[in-house]
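If you read the protein sequences in the order shown, they are chains A and B.
According to our numbering, the residues represented by the first sequence are 19 to 639, in order.
According to our numbering, the residues represented by the second sequence are -16 to 104, in order.
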Amino acid sequence: MKFKIQLMFASMILLVTMQAQAVEYFVHPEGGDIEHCNGLSAQPFSQDIENQACALKHIFELVGPEHNTVNINGGDIITLLNNADGSQAEYRMGRHDDYTSGRCSTSWAYDCNLPSLPAGTAEKPTIIRGENWNNGCDIAPQLWGSNRASTIFSLIDTQHIELSCLEITDHSSCVGAHGFPDENLICDRSTPYTKLFADTGIHMEDSNDITLTDVTVKGLSTGISAGRVRDITLLRAHLFANSSAGWNGDIYGNDDSVSGTILFKDSAITFSGCGLVYNPGASDHGEPHACARQDIGGYGDGIGTGETGGTWIFDNTQILYNNSDGIDLLYHHGEGDIIVKNSRIEGNGGNQVKVTGNTQLINNVIISNCGWNSRQAASLGAEGTNCRAGGAALSISWAHPDDKAILLNNTVISEGDCIMGTGDRTKIGAQNQGLYIVNNIFYGLTDFRQEWENSCLLYRSATHPYKQIHNNVIHQVKGYESPCENFATNIPNGNNANAGPCSIAAGGFFDDSDYSIATNPHFLKTEIDIQHTAYDLPTLMAETNKPYPQDNGSSVYNAGYSGHVAGISIPTKDFLGNTREGIPDIGAVEFIEGLAPTPTPVPVPDTIPKAPVIISIEQLN
Amino acid sequence: MNTLYSLNSMRTGLIAVAAISLTACFQLPEEKSDVQIHWLPVTEFSDGSAITSIDHYQIHYGHETDQLNNIIMSRNPNITSYIISDLDAGEYYFAMVAVAENGEESEMSQPYYFHVIESSL
């Protein structure tokens, strides 16, 4: 009896110890099946292997889709290895090879998805990671979906999960837009389900504490779909050329109830609403193509949601060339704030930033060259969206009493109908909502849809009852609502507070080299029709527009407000990470002597026009 | 004459009472005014030579002569007047700059003082 009790205790201790210790499993392209390998070694399978000490050949051996088999515990680690020579391993997902029964049967191959991963703990999350996860992740193992697999990762009713150093994609160039003119590019969703495309990269539902680090999701229909989630972190993640949306948070309509913090840090969402060419060896392999507007079945928000809440933070994140809105949090009616800082939002086909509720936009470069698609190669932009819903750079609404929208030190450029609009999303009326706009550059371009005029500064479908607006440079906007006269409001005393310069273009034109305009910020580079030599993120960032002041003759130089705004101090570092010293410049980027290239001297003219003579002024009403 | 004065005073008083009553009931928007500025076209460079064409005019205005921060750029070089809308009542200074097609710009004209009175609307 005593021996039996001792044995029972020993077993319990062993069990507790095993549960406390995370087990790391290895998957190798030359691994074996679970009958021959236990996955506890990184060695490829061979007949000489003893004690099954070899890697598994596929993640399906550990987490099997056919019969929802889960052979790992919460807190365990699966490490996917690259090929023996260090090149990228390509693991096929969906119905294929040995995985054809159960949920992977022919008739419903789209259900051949990884079962949800078991929950880890905050201290010991369940981890799926690629080789090099701790070494810069220069080559991430690839998981590519096929046979219309609906998802690659399904994280449903789970928590404390980490995915890192993975590339998630498919091997098809097709797009989801059912009305695309070139029918050969439309994903064939009919039986037999043998085509090499998949739908969603990562699906999250009723889950929390999910972290994606160095994860790329590209060329699918949707990068991430997520609803009823809490505390999601994307670190150095990239959602690239997913033909429906980068992040689709509209999976339940009115019950997406996101809470906690959704953080995008050092991440990117690019070319949503476009396909991705899969044609290895060809010059266009890996490039986005076939962007599709809504009336042919396309879409393409970088981020779009249904009714949602939570605190959304975008920090040093690039939201570029998505086919519809860049960030669409219009239905953010719940609790939590929206914070966008140190980020670039540019070239998206609708609004660049569309938000509702408490919002902080700080130190961002926001360029609504929303007609960018129209000026690109036909294979990329001919069927794409241009300035959807007018294409204003910013759409800012309130949902509750006391909501505050704070815009500090942004550089905002627009060829949309206006630079920004404000509204009352929930129709509750004016109840102490506040709009704070300080130290921003608002730069109007020729209106894409109405070429005879420039973008207007502000369209108000609702007016914030409290406004603090000053120290902004307003450059060549349309005269709508006489912005130069009516914009600055509640200017405080001291700290270099003033109304700021403002110019109106009375008639459409765009010439950012015209330094005769006193409001001209003297930008280094602003090309609304910028042509990139390639579309990978490093190339985009190297070639991107640089609306940064290039000399101390800029209207923004030492012209900013240095006090607090709605309790927030002026950011001590600028968009590029340089320190703001003394009186801050207006806009996202400080002019710092020696950092900017020396501008070409402006020749002193020999003759100048005589000054006009004002002969009379009359009051008309 | 006296009668006319009295009627006018009475009418003014009634309008004032009505306006006060309306103001009590509704938040009336601030009245804004429009002004039209007229200028002579520029036909010469400063050295007296004929100018071929003007590219555009700039109208600068503000409440102080050294803070003419509001700028309107008229891209039509052939106009000689422009309406500036929605000005609040108050003292303003207006000045102009002509810009030639080669980008050369004139000195700013002498500021022109104008007092916008409260709109009669």
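No residue lacks a Cβ here, since even glycine has one placed at the ideal position from N, Cα and C.
Select from the options the residue whose C-alpha is nearest the C-alpha of residue i.
i: L398(A); options: I455(A), T429(A), K283(A) and Y553(A); result: Y553(A)
i: L257(A); options: G293(A), G409(A) and V247(A); result: G293(A)
i: D38(B); options: P567(A), D532(A) and I632(A); result: D532(A)
i: W126(A); options: G138(A), Q160(A) and R166(A); result: R166(A)
i: L173(A); options: D206(A), R147(A) and I228(A); result: I228(A)
i: H482(A); options: L453(A), Y498(A) and P510(A); result: L453(A)
i: I633(A); options: S102(B), S92(B), N59(B) and H98(B); result: S92(B)
i: P556(A); options: D268(A), I95(A), S164(A) and S285(A); result: S285(A)
i: G16(A); options: I250(A), K485(A), N360(A) and P510(A); result: With chain A running from 19 to 639 in the structure shown, residue 16(A) is simply not present.
i: Y44(B); options: E101(B), I34(B) and V18(B); result: V18(B)
i: G409(A); options: G462(A), K422(A), N450(A) and L379(A); result: G462(A)
i: E640(A); options: R406(A), N427(A), L230(A) and E636(A); result: The structure shown does not extend to residue 640(A), since chain A is modelled only from 19 through 639, so no value can be given for it.
Does residue i have its Cβ less than 8 Å from a Cβ in chain A?
i: A83(B); result: yes
i: D49(B); result: no
i: N52(B); result: yes
i: Y95(B); result: yes
i: G86(B); result: yes
i: E90(B); result: yes
i: V99(B); result: yes
i: Y76(B); result: no
i: S29(B); result: yes
In three-state DSSP terms, what is residue i?
i: D442(A); result: strand
i: Q494(A); result: strand
i: Q312(A); result: helix
i: R393(A); result: helix
i: C130(A); result: coil
i: E68(A); result: coil
i: E149(A); result: coil
i: S125(A); result: helix
i: R467(A); result: coil
i: T557(A); result: helix
i: E53(A); result: coil
i: N202(A); result: helix
i: I242(A); result: strand
i: L398(A); result: helix
i: R406(A); result: helix
i: E180(A); result: strand
i: F28(B); result: strand
i: N91(A); result: coil
i: E47(B); result: coil
i: F504(A); result: Reading off the sequence shown, one finds Asn at residue 504(A), where the question assumed Phe. Note: N504(A) maps to helix in three-state DSSP.
i: E79(A); result: helix
i: G368(A); result: coil
i: G120(A); result: helix
i: A81(B); result: strand
i: L11(B); result: Because the pLDDT of L11(B) is 49, which lies under 50, any placement of that residue in the model is unreliable, and the question is left without a value.
i: C155(A); result: coil
Going by beta-carbon coordinates alone, are residue i and residue j separated by less than 8 Å?
i: Y117(A); j: P83(A); result: yes
i: G354(A); j: G320(A); result: no
i: A73(A); j: L99(A); result: yes
i: A266(A); j: G322(A); result: Note that residue 266(A) corresponds to Asn in the displayed sequence, not to Ala. Their beta carbons are under 8 Å apart, which means N266(A) touches G322(A) by this criterion.
i: E401(A); j: A259(A); result: no
i: M438(A); j: A395(A); result: no
i: N381(A); j: G365(A); result: no
i: I492(A); j: E88(B); result: no
i: P630(A); j: M79(B); result: yes
i: S473(A); j: S432(A); result: yes
i: T374(A); j: S342(A); result: no
i: L425(A); j: N391(A); result: no
i: S290(A); j: L348(A); result: no
Kindly indicate if chain B contains any beta-carbon less than 8 Å away from that of residue i.
i: C520(A); result: yes
i: D532(A); result: yes
i: C645(A); result: Past the edges of chain A, shown from 19 to 639, lies residue 645(A), and the structure says nothing about it.
i: I459(A); result: no
i: V495(A); result: no
i: P14(A); result: Lying before the first or after the last residue shown, residue 14(A) is absent from chain A, which here runs from 19 to 639.
i: K485(A); result: no
i: P589(A); result: no
Assuming residue i and residue j form a contact by the criterion Cβ under 8 Å, report the distance between their Cβ atoms to the nearest whole angstrom.
i: P519(A); j: A506(A); result: Going by Cβ atoms, the distance from P519(A) to A506(A) rounds to 10 Å, so no, they are not a contact pair.
i: Y579(A); j: P567(A); result: The Cβ separation is near 17 Å, so there is no contact.
i: V607(A); j: F593(A); result: 5 Å
Using only the heavy atoms of the ligand ATP, determine whether one of them is closer than 7 Å to the beta carbon of residue i.
i: T444(A); result: This structure does not include the ligand ATP; it has no bound ligands of any sort.
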